[in-house]
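Q: The numbering of the sequence shown is numbering that gives the first Met the number 0, which starts it at 0 and goes up by one.
Positions of the beta carbon are idealized from the N, C-alpha and C atoms, including for glycine.
Predicted model only: the values in this text are computed from it and were never measured.
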Amino acid sequence: MRVLIIDDEPLIAADIEMTLLDAGYQVAANAQHLSTAMEAIEQNAADFAILDANLGGKSAEPIADGLKQRGIPYVILTGYTREQIGAWAQDSVVIGKPITSEMLLAHLPPAVALN
Numbered sequence: 000m001r002v003l004i005i006d007d008e009p010l011i012a013a014d015i016e017m018t019l020l021d022a023g024y025q026v027a028a029n030a031q032h033l034s035t036a037m038e039a040i041e042q043n044a045a046d047f048a049i050l051d052a053n054l055g056g057k058s059a060e061p062i063a064d065g066l067k068q069r070g071i072p073y074v075i076l077t078g079y080t081r082e083q084i085g086a087w088a089q090d091s092v093v094i095g096k097p098i099t100s101e102m103l104l105a106h107l108p109p110a111v112a113l114n
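(1) Between the Cα of A105 and the Cα atoms of R81, I49, L66, R69, which residue gives the shortest distance?
(2) Measuring alpha carbon to alpha carbon, tell me which residue in R69, R1, D51, P109 is nearest G78.
(3) Taking only the alpha-carbon atoms, compute the straight-line gap between R1 and R81 and give it to the nearest angstrom.
(4) Can you tell which of I84, Q31, I11 has the C-alpha that lies nearest to the C-alpha of G55?
(5) Roughly how many angstroms lie between the CA atoms of A44 and I5, to the nearest whole one?
(6) DSSP beta-bridge partners for A48?
Structure follows, in structure tokens:
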């Protein structure tokens with residue numbers, strides 16, 4: 000399973016990447032900004048995404064829309080509440096930060112699901 004990581008905090012993104020690789024996932028791309036996230040969605044085949052709700056002070060709603068348009072399921076990993084994120088997150092799985100590796104992996108499809 001190829002996972003796209005979209006988080007503007009480099010240390011968190013690196014930790015997520017290590018967790019995924021250790022658990023047998025492939026990382027399709029790792030993006031920290033709205034523009035690079037849109038490029039990553041367009042240029043990399045991904046089966047799933049982990050999306051921070053806020054990238055550099057801007058809502059990640061356009062990224063969520065892009066993922067939906069391409070049929071890529073995702074979870075939102077954030078320090079915000081569902082209400083703070085807004086209506087676009089209402090039907091999504093929202094995982095609060097901070098998070099452990101075990102908590103993150105519990106919300107992802109199995110690594111072998113689409114290999």
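A: So, from the listed chains and residues:
(1) Out of R81, I49, L66, R69, I49 has the C-alpha closest to the C-alpha of A105.
(2) Distances from the alpha-carbon of G78 to those of R69, R1, D51, P109 put D51 closest.
(3) Cα to Cα, R1 sits roughly 26 Å from R81.
(4) Each of I84, Q31, I11 was checked against the Cα of G55, and the nearest Cα belongs to Q31.
(5) Answer to the nearest angstrom: the Cα atoms are 14 Å apart.
(6) L3, Y73, per the DSSP bridge assignment.
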